[in-house]
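A.B. asks: Residue numbers (full-length UniProt numbering), protein chains in the order written: chain Y, 1 to 215; chain W, 1 to 128. Heads up, the beta-carbon is just placed ideally off N, CA and C, and yes, glycines get one too. Just so it is clear, the structure is predicted and the values come from calculations on it, not from any experiment.
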C-alpha cells in the first residue's frame, strides 16, 4: 500500500469515527431506549427469569423518568431564560444603578447649591444648615452599597446563565424548542410593562405630541 | 505637631458618587487638597507622578482591588510610608485581617459618616 493510500484510508477511518461520535452524542428518545431494551431481551428469549423481568421493568421506568425529566425541563423553556429573561434582568438592574446614580448626583448638586447659600448665612443657622448638608451626603452612601449589591445579583445571574446554557446544550436546542411557547399576555395585562429602559420608551414631549395628534 | 490641612489626599473608588461623598466629607473636616482616581492602576500612576500624604481607597474595584493597590503601595519603597485608609463594604473579619496583614493604616466600613471619617483620620494623621 502506498503512503498516499494509507493517508486516504486513515482519513476515511477518521471520518467514520467522527460520524460514530456524532451519532453517539445524540440523546436517545424513549422509543429508542425501549427498542434497545426489547432487543436485549430478545437475545435472552427462552432464558427469561423473574430477575430479568425485574431488570426490564427497572429499565423501562428509568426510560420513563428520563423522558419525564426532559419534558419538565423543556416546559421551563431554558432557551427563553437564556435568550430573553436573563438579558432583560441584566438591563433592568443596570438601569437601576444608572437611575440611582443620576438621582444621587442631582441631590449632590442641590446640596452644593444649598452649601453656597449656607456659607452666606452668619451664625448658628449657617452652621446648622451645613451640618444637615453633611447628613445628606452621608445618607447618599446608599447608592454605592446598592450598586455593589446589584453587582452581586448580576454575578449570580451570570452563573445561572452559564448553567442554563449547559442545560440547553445537553438536551439540544431543537428538542427543547419543540414545545409551544407560553401564550403572550392579552388585554389589560399586555399593557403592564413597568418602567422602561432608556431608549425603549417615549419621553414626555413625544407623549404630548402624540396626545395632541388626537385633537 | 498640628496636622497640615493642605495635605494632598488621593481618594480611589470606582463609584463617582462615593468619590464625591468622600471629597465632600473631607472638606467638612477641613481637608480640601484632594485628587481622585477611579481604579487601582490610575491611582498608582498618580501616586508615582505626585506626592501624596494619604490614600483613601475602596476595596471592591476591578481589575485591581483596593487590597492589591495597598500591596503595590507597600511594595514600592517610594510609596510604602504613605498612610492608607480602606473604605469598604467588605466587613467580614477575614477582610479586616487581610487588609491589616497587607499594611492598612485604618479601616472604615460603609455606610459611614463624617464623624467616623474624622476619627479615623485623627488616628492615622494625629489630632486636628
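Establish whether the CB of residue 101 of chain Y and some CB of chain W are separated by less than 8 Å.
C.D. replies: By this cut-off, residue 101 of chain Y is an interface position.
A.B. asks: How would you list, in chain order, the residues of chain Y whose beta-carbon sits under 7 Å from the beta-carbon of residue 28 of chain W?
C.D. replies: Here the neighbours are 134.
A.B. asks: Sort W:20, W:21, W:31, W:18 by Cα distance to residue 8 of chain W and report the nearest one.
C.D. replies: With distances taken between Cα atoms, residue 8 of chain W lies closest to W:31.
A.B. asks: Would you mind telling me which residues of chain Y sit closer than 9 Å to residue 25 of chain W, beta carbon to beta carbon, in chain order?
C.D. replies: Under the 9 Å cutoff, chain Y gives 134, 137, 138.
A.B. asks: Less than 8 Å between CB atoms is the rule here; does residue 89 of chain W satisfy it with respect to chain Y?
C.D. replies: So yes, residue 89 of chain W belongs to the interface.
A.B. asks: Against chain W, does residue 104 of chain Y count as a neighbour if the rule is that its beta carbon must be under 8 Å from one of theirs?
C.D. replies: Chain W contact via Cβ: present.
A.B. asks: Output yes or no for whether 8 Å exceeds the beta carbon distance between residue 145 of chain Y and residue 107 of chain Y.
C.D. replies: For residue 145 of chain Y and residue 107 of chain Y, no; Cβs fall outside 8 Å.
A.B. asks: Do three or more CB pairs link the stretch 144 to 161 of chain Y to the stretch 123 to 135 of chain Y at distances below 8 Å?
C.D. replies: Because the criterion of three Cβ pairs below 8 Å is not met, the stretch 144 to 161 of chain Y and the stretch 123 to 135 of chain Y do not touch.
A.B. asks: May I ask you to report which of helix, strand or coil DSSP gives residue 88 of chain W?
C.D. replies: Strand, per DSSP.
A.B. asks: Rounded to a whole number of angstroms, what is the C-alpha to C-alpha distance between residue 50 of chain Y and residue 65 of chain Y?
C.D. replies: Approximately 22 Å between the Cα atoms of the pair.
A.B. asks: Please tell me whether residue 20 of chain W has its Cβ less than 8 Å away from any Cβ of chain Y.
C.D. replies: Yes - at least one Cβ of chain Y is within 8 Å of the one on residue 20 of chain W.
A.B. asks: Sort W:118, W:34, W:67, W:126 by Cα distance to residue 94 of chain W and report the nearest one.
C.D. replies: Of W:118, W:34, W:67, W:126, the residue nearest in Cα terms is W:67.
A.B. asks: Would you report the Cα separation of residue 213 of chain Y and residue 191 of chain Y, rounded to the nearest angstrom?
C.D. replies: If I take the Cα positions, the gap works out to 21 Å.
A.B. asks: Which complete beta strand (DSSP E) runs does the stretch 6 to 58 of chain W hold, if anything under 3 residues is left out?
C.D. replies: For the stretch 6 to 58 of chain W, whole beta strand (DSSP E) runs of length 3 or above, ordered along the chain, are 9 to 12, 34 to 37, 54 to 57.
A.B. asks: Measuring only the C-alpha atoms, how far is residue 114 of chain Y from residue 206 of chain Y?
C.D. replies: Computed Cα separation, rounded: 34 Å.
A.B. asks: Starting from the N-terminal side, write out each stretch of the alpha helix (DSSP H) that is 4 residues or longer and does not extend beyond the stretch 81 to 137 of chain Y.
C.D. replies: The stretch 81 to 137 of chain Y contains these whole alpha helix (DSSP H) runs: 86 to 119.
A.B. asks: State the beta-bridge partners of residue 109 of chain W as determined by DSSP.
C.D. replies: Residue 109 of chain W is bridged to W:88.
A.B. asks: Between residue 89 of chain W and residue 60 of chain W, how many whole angstroms is the CB-CB distance? I'm expecting something under 8 Å.
C.D. replies: At roughly 7 Å, the Cβ-Cβ gap stays under 8 Å, so residue 89 of chain W and residue 60 of chain W are in contact.
A.B. asks: Using beta carbons (cut-off 8 Å, strictly below), is residue 143 of chain Y in contact with chain W?
C.D. replies: Closer than 8 Å: yes.
A.B. asks: Could you tell me the boundaries of the alpha helix (DSSP H) in which residue 156 of chain Y lies?
C.D. replies: Its alpha helix (DSSP H) spans residues 141 to 171.
A.B. asks: Would you call the stretch 87 to 103 of chain Y and the stretch 60 to 75 of chain Y touching, i.e. three or more CB-CB distances under 8 Å?
C.D. replies: No, they do not touch.
A.B. asks: Short of 8 Å in beta carbon distance, which residues of its chain neighbour residue 134 of chain Y, apart from the five on each side in sequence? Order them along the chain.
C.D. replies: If we look at residue 134 of chain Y and ignore the five residues flanking it on each side, it has no Cβ neighbours.
A.B. asks: Would a check of beta-carbon distances place residue 106 of chain W closer than 8 Å to chain Y?
C.D. replies: Judged by the 8 Å Cβ criterion, residue 106 of chain W is not in contact with chain Y.
A.B. asks: Would you verify that the beta carbon of residue 111 of chain W is, or is not, closer than 8 Å to some beta carbon of chain Y?
C.D. replies: Yes, residue 111 of chain W counts as interfacial toward chain Y.
A.B. asks: Out of Y:10, Y:57, Y:13, point me to the one whose CA is closest to residue 33 of chain Y's CA.
C.D. replies: Here the closest residue by C-alpha is Y:57.
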